[in-house]
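If you read the sequence shown in full-length UniProt numbering, its first letter stands for residue 1, the second for the next number, and so on.
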Amino acid sequence: VIIPSPCWLLIRTIRTARTQAEEREMIQKECAAIRSSFREEDNTYRCRNVAKLLYMHMLGYPAHFGQLECLKLIASQKFTDKRIGYLGAMLLLDERQDVHLLMTNCIKNDLNHSTQYVQGLALCTLGCMGSSEMCRDLAGEVEKLLKTSNSYLRKKAALCAVHVIRKVPELMEMFLPATKNLLNEKNHGVLHTSVVLLTEMCERSPDMLAHFRKLVPQLVRILKNLIMSGYSPEHDVSGISDPFLQVRILRLLRILGRNDDDSSEAMNDILAQVATNTETSKNVGNAILYETVLTIMDIKSESGLRVLAINILGRFLLNNDKNIRYVALTSLLKTVQTDHNAVQRHRSTIVDCLKDLDVSIKRRAMELSFALVNGNNVRGMMKELLYFLDSCEPEFKADCASGIFLAAENVFAFYVRDDAVPNLIQLITNSVEMHAYTVQRLYKAILGDYSQQPLVQVASWCIGEYGDLLVSGQCEEEEPIQVTEDEVLDILESVLISNMSASVTRGYALTAIMKLSTRFTCTVNRIKKVVSIYGSSIDVELQQRAVEYNALFKKYDHMRPALLERMPVMEKVTTNGPTEIVQTNGETETPQEGRLFDLQKNLCSGVKDMSSVMLRMMSRFSSLLLFLFSTGIPSITAYNKNGLKIDFSFERSNTNPSVTVITIQASNSTELDMTDFVFQAAVPKVEPFRATTMTSRGPQQLRMRIKLTYNHKGSAMQDLAEVNNFPPQSWQ
Numbered sequence: 001v002i003i004p005s006p007c008w009l010l011i012r013t014i015r016t017a018r019t020q021a022e023e024r025e026m027i028q029k030e031c032a033a034i035r036s037s038f039r040e041e042d043n044t045y046r047c048r049n050v051a052k053l054l055y056m057h058m059l060g061y062p063a064h065f066g067q068l069e070c071l072k073l074i075a076s077q078k079f080t081d082k083r084i085g086y087l088g089a090m091l092l093l094d095e096r097q098d099v100h101l102l103m104t105n106c107i108k109n110d111l112n113h114s115t116q117y118v119q120g121l122a123l124c125t126l127g128c129m130g131s132s133e134m135c136r137d138l139a140g141e142v143e144k145l146l147k148t149s150n151s152y153l154r155k156k157a158a159l160c161a162v163h164v165i166r167k168v169p170e171l172m173e174m175f176l177p178a179t180k181n182l183l184n185e186k187n188h189g190v191l192h193t194s195v196v197l198l199t200e201m202c203e204r205s206p207d208m209l210a211h212f213r214k215l216v217p218q219l220v221r222i223l224k225n226l227i228m229s230g231y232s233p234e235h236d237v238s239g240i241s242d243p244f245l246q247v248r249i250l251r252l253l254r255i256l257g258r259n260d261d262d263s264s265e266a267m268n269d270i271l272a273q274v275a276t277n278t279e280t281s282k283n284v285g286n287a288i289l290y291e292t293v294l295t296i297m298d299i300k301s302e303s304g305l306r307v308l309a310i311n312i313l314g315r316f317l318l319n320n321d322k323n324i325r326y327v328a329l330t331s332l333l334k335t336v337q338t339d340h341n342a343v344q345r346h347r348s349t350i351v352d353c354l355k356d357l358d359v360s361i362k363r364r365a366m367e368l369s370f371a372l373v374n375g376n377n378v379r380g381m382m383k384e385l386l387y388f389l390d391s392c393e394p395e396f397k398a399d400c401a402s403g404i405f406l407a408a409e410n411v412f413a414f415y416v417r418d419d420a421v422p423n424l425i426q427l428i429t430n431s432v433e434m435h436a437y438t439v440q441r442l443y444k445a446i447l448g449d450y451s452q453q454p455l456v457q458v459a460s461w462c463i464g465e466y467g468d469l470l471v472s473g474q475c476e477e478e479e480p481i482q483v484t485e486d487e488v489l490d491i492l493e494s495v496l497i498s499n500m501s502a503s504v505t506r507g508y509a510l511t512a513i514m515k516l517s518t519r520f521t522c523t524v525n526r527i528k529k530v531v532s533i534y535g536s537s538i539d540v541e542l543q544q545r546a547v548e549y550n551a552l553f554k555k556y557d558h559m560r561p562a563l564l565e566r567m568p569v570m571e572k573v574t575t576n577g578p579t580e581i582v583q584t585n586g587e588t589e590t591p592q593e594g595r596l597f598d599l600q601k602n603l604c605s606g607v608k609d610m611s612s613v614m615l616r617m618m619s620r621f622s623s624l625l626l627f628l629f630s631t632g633i634p635s636i637t638a639y640n641k642n643g644l645k646i647d648f649s650f651e652r653s654n655t656n657p658s659v660t661v662i663t664i665q666a667s668n669s670t671e672l673d674m675t676d677f678v679f680q681a682a683v684p685k686v687e688p689f690r691a692t693t694m695t696s697r698g699p700q701q702l703r704m705r706i707k708l709t710y711n712h713k714g715s716a717m718q719d720l721a722e723v724n725n726f727p728p729q730s731w732q
């Protein structure tokens, strides 16, 4: 019989391999020897062979052929065999393998074994890889061990119960009686696992959460004993007593205190004590402080305690450890919405994190910086963020630019582009089924608040257009509001008289009131009165509208319903888009730019034979070509008499080259002032073209008659003159 080599010798041999191929060769040779030993049913060295298989499994080589051998070791009466067998089962088996079901009876027997270490092995295996079927069958044995007085078994049974609850949540109530005395245990291992079990039960069941809230004073007492106890070498870690248990208790307190005033009140003092007494020079203390901060921010804690928690995170930002700075930024980002002012105090430190070399810290600092932007600090924050945008890595630029845009939009939400109002109105008009809902929401949005002028303009337009839907109380999307015709007119009149309303907004409101004269039946006289009042307004635009609306009431009342009827669906006008090519009589008419280019090309190439199409094009674009190629129009002196001189200067309009803009400059060369100066001008009257014959003398010279009236030296002066020296470039 060949005696297999011990496990330590295999490990040393494999470590001597110089190449991966040499290592694989050694493993394959050893696996062949192990298979031969398994076939011979060698019970003496089965434990040694399974141990070597586990080592190969850790190196990444297949070891599944040893699964049944693990079951044989578990069934052995020797503790050393059971230990390797259970270890092999935890590594080589899982609940997807049907083989693991064969272990159920062995585990049940070992849970009732007289030796605590064998029971511990069975509990560890069940808690590690037990399936739902195994947990359901063995939950009773676990519950019995949870009630035992043996601390070694209770801590393992508690963790095994956690696994059972995760696999079979309906068995949770089975463990409820056993949890009563768990927190009275002095052993820290039992306390630790008990807190884990309570946490799992609270997270999975609201009923359990309400049941265990009565344990808050007991948990507070345990935590207080931990932070006030002296040095204990058994539990001390970097000068702190059992930090792992402290963290677990803090997490459970966070769950119990969430959305509960009484529980939160009971733990406020101990949280403040932990936050002020914990040492921050070591990472162990920082871990406890971080968990304390999370607990404070998640429960209904006092405002002073929340400020203390945010200040702790602010100190974390100054820590040299990148991990601590990162978790501080992440936590501040979560709390900035609820405690904005407290986080603002650390704004400078947060902005400094934008200069950190670590990309993760940079990203978190950038996100937090955007969350801190408001109307008070927008200038300073934008300066820092623009500097960051200029110097940051390419992967940050898109997010940073978008964040700057969104921040500006949030801070200056009242300022929108001029086309936002008509675009929104067009969108509302096209959504016919949403008219009642939209006018109702807009009506409620502007009640007593006219600060957002674009919103007031859209609301006024919609109320005037769909006011009948507003007072009818018909809205399927939400509960309709009850509003009368007079109340609708009240809000529009208040828009008219509000100091916050711009001239454009008042125009929207007055037009809306006028439209309501055809939609409301009982308030027409009131509408007439409002419109007539603004007929004498100092606002010219508002006055003109009111005068026209008054005329509509008096002279054209029969046309009023047709003129003020509901607007049809609007088509959005698009600009700067591609110009369509129109096909006419077999010829393709290109866009104007293309036609102009073709005309210039033909002119420059000296083509003499021009088609009728090109002649029509030349007449259409002659004024535009004159504007493009002209060197300027000379100025003229239109009038110079009695010390009064009037000069005309000319300039082509940028928007319409066929229009000439005349600028008049009048100067007084006498010693006394000229007062009440009035300049009037008239051009020849344009009449319809009636003649059928065109003379060869060309176009008539442009003429203008001017009338000047002013007071000079105590007497009234008046003079008529004709201007006939206009340069040809100004009118041809």
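Heads up, the beta-carbon is just placed ideally off N, CA and C, and yes, glycines get one too.
What you are looking at is a predicted structure, and each value in this text was computed from that prediction instead of being measured.
For residue i, count neighbouring Cβ atoms within 10 angstroms of its own Cβ and tell me buried if that reaches 16, exposed if not.
{"i": "Pro406", "result": "One point to set straight first is that residue 406 is Leu, not Pro, in the sequence displayed. Leu406 should be labelled exposed."}
{"i": "Tyr556", "result": "exposed"}
{"i": "Gly473", "result": "exposed"}
{"i": "Ile3", "result": "exposed"}
{"i": "Gly507", "result": "buried"}
{"i": "Ser241", "result": "buried"}
{"i": "Asn112", "result": "exposed"}
{"i": "Glu465", "result": "buried"}
{"i": "Arg417", "result": "exposed"}
{"i": "Asn43", "result": "exposed"}
Just to confirm the assignment, what range does the alpha helix (DSSP H) spanning residue i have?
{"i": "Lys72", "result": "67-74"}
{"i": "Lys52", "result": "46-59"}
{"i": "Tyr415", "result": "Neither: Tyr415 is in no alpha helix (DSSP H) and is coded neither H nor E."}
{"i": "Tyr437", "result": "435-445"}
{"i": "Gly375", "result": "Per DSSP, Gly375 belongs to no alpha helix (DSSP H) and is neither H nor E."}
{"i": "Ala502", "result": "It is not in any alpha helix (DSSP H) - Ala502 carries neither H nor E in the DSSP assignment."}
{"i": "Leu470", "result": "453-472"}
{"i": "Gln218", "result": "216-228"}
In terms of residue numbering, what span does the beta strand (DSSP E) encompassing residue i cover?
{"i": "Glu651", "result": "644-652"}
{"i": "residue 734", "result": "The first residue shown for the chain is 1 and the last is 732, placing residue 734 beyond what the model contains."}
{"i": "Asp210", "result": "A small fix is needed here, since residue 210 is Ala in this sequence, not Asp. Segment 206-212 is the alpha helix (DSSP H) holding Ala210; no beta strand (DSSP E) there."}
{"i": "Asp676", "result": "674-682"}
{"i": "Ser36", "result": "First-last for Ser36: 20-39, but that is the alpha helix (DSSP H), not the beta strand (DSSP E)."}
{"i": "Tyr86", "result": "Looking at the DSSP string, Tyr86 is not in any beta strand (DSSP E); the run it does join, the alpha helix (DSSP H), is 79-92."}
{"i": "Asn320", "result": "Note, Asn320: premise wrong, no beta strand (DSSP E); not H, not E."}
{"i": "Ala638", "result": "636-641"}
Would DSSP call residue i helix, strand or coil?
{"i": "Thr115", "result": "coil"}
{"i": "Gln718", "result": "strand"}
{"i": "Leu368", "result": "helix"}
{"i": "Gln701", "result": "coil"}
{"i": "Ser348", "result": "helix"}
{"i": "Ala666", "result": "strand"}
{"i": "Thr13", "result": "helix"}
{"i": "Tyr710", "result": "strand"}
{"i": "Asp539", "result": "coil"}
{"i": "Leu626", "result": "In this prediction, Leu626 scores a pLDDT of 40, lower than 50, which makes its location untrustworthy; the coordinate-derived value is nonetheless stated afterwards. Leu626 falls in the helix class under three-state DSSP."}
{"i": "Thr429", "result": "helix"}
{"i": "Met617", "result": "Here Met617 scores only 39 on pLDDT, less than 50, and its place in the model is too uncertain to base an answer on."}
{"i": "Asp449", "result": "coil"}
{"i": "Thr660", "result": "strand"}
{"i": "Asp236", "result": "strand"}
Three-pair Cβ contact test at 8 Å for the stretch 164-175 versus the stretch 191-204:
Yes, since at least three Cβ pairs between the stretch 164-175 and the stretch 191-204 fall closer than 8 Å, the two stretches touch.
At a cut of 8 Å, does the stretch 375-392 reach the stretch 427-436 through at least three beta carbon pairs?
With contact defined as three or more Cβ pairs closer than 8 Å, the stretch 375-392 and the stretch 427-436 are not in contact.
4 or more residues per run - each alpha helix (DSSP H) lying fully within the stretch 141-201:
Within the stretch 141-201, the alpha helix (DSSP H) runs of at least 4 residues that lie entirely inside it are, in chain order, 151-167.
Three or more beta-carbon pairs under 8 Å between the stretch 86-105 and the stretch 122-133, yes or no?
Touching, yes.
Ignoring anything shorter than 4 residues or poking outside the stretch 241-311, list the alpha helix (DSSP H) runs there in chain order.
As far as the stretch 241-311 is concerned, its whole alpha helix (DSSP H) runs of at least 4 residues are 243-257, 261-277, 283-298.
Please confirm if the stretch 152-164 is in contact with the stretch 180-190, defined as three or more CB-CB distances below 8 Å between the two stretches.
The stretch 152-164, when compared against the stretch 180-190, does touch it at the 8 Å Cβ threshold.
Any 3 or more C-beta pairs closer than 8 Å across the stretch 525-536 and the stretch 560-573
No, because fewer than three Cβ pairs between the stretch 525-536 and the stretch 560-573 fall closer than 8 Å, the two stretches do not touch.
Evaluate contact between the stretch 233-253 and the stretch 282-289, counting only Cβ atoms and requiring at least three cross-stretch pairs below 8 Å.
The stretch 233-253 is in contact with the stretch 282-289.
Check whether the stretch 491-508 touches the stretch 546-555, counting contact only when three or more Cβ pairs, one atom from each stretch, lie closer than 8 Å.
The answer is no - the stretch 546-555 does not touch the stretch 491-508, with fewer than three Cβ pairs under 8 Å.
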